[in-house]
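Student:
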Amino acid sequence: YRVEDVLIKQGIEVKKFVNTGAWVYSNTLLSSLGLYNEEHAYQKQARPYLNHHVGGDGLKSVGSTLWCAQHGYDGIIHLYPFGCMPEIVAQYALKNIAQDFNLPLLTLSVDEHASDVGVLTRLEAFVDCIKRKKK
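Next comes the structure, spelled out in structure tokens:
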């Protein structure tokens, strides 16, 4: 199921922050040369909402969400795999960021049983919420 496709069809600009290709480049090539430390960069960016590595992409989710909040994004969709503990921990920080910046936040936990119709309904409702807020 492609969440991006649904949003793009509704005229929403999509910015992905967790991307496998970017991760491989920055964590293998640049890190091995000592030119980049992803964990340190995201830990610095995620403060004061999360001060330590929680595993997985939790720190990256918090740092990216805070960056979006500080740069005028209209809303955040936090999409994560069902039962992913780092993302569940990060979710609490994301709620605080959303509250502090008055930013709509939709969290979607997905697995192989996630209904396309259910996801679509939640996305459409979230987009409507953002459009009403902008008026």
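Read in order, the letters of the sequence shown are residues 5 to 139 in our numbering. Built from N, CA and C at the ideal position, the CB exists for glycine as well. On a predicted model such as this, the values are computed, not experimentally measured, just so you know.
(1) For the 8 Å Cβ check, are there 3 or more pairs between the segment 89-102 and the segment 116-129?
(2) If you compare alpha carbons, which of 89, 85, 15 and 133 is closest to residue 107?
(3) Throw me the rounded Cβ distance for the residue 110 and residue 10 pair, which I believe falls under 8 Å.
(4) DSSP three-state call for residue 109: helix, strand or coil?
(5) Could you tell me the alpha carbon to alpha carbon distance between residue 85 and residue 117, rounded to whole angstroms?
Tutor: The relevant details are as follows:
(1) no
(2) Within the sequence shown, residue 107 is the residue found at index 103, counting from 1. When C-alpha distances from residue 107 are compared across 89, 85, 15 and 133, the shortest belongs to 133.
(3) Here residue 110 is taken as the residue at index 106 of the sequence shown, counted from 1. Here residue 10 is taken as the residue at index 6 of the sequence shown, counted from 1. At roughly 12 Å, the Cβ-Cβ gap does not stay under 8 Å, so residue 110 and residue 10 are not in contact.
(4) For the purposes of this step, residue 109 is identified with residue 105 of the sequence shown, where counting begins at 1. Looking at residue 109 - three-state DSSP - the assignment turns out to be strand.
(5) What you label residue 85 is simply residue 81 of the sequence shown in a count that begins at 1. What you label residue 117 is simply residue 113 of the sequence shown in a count that begins at 1. Residue 85 and residue 117: Cα-Cα distance of roughly 11 Å.
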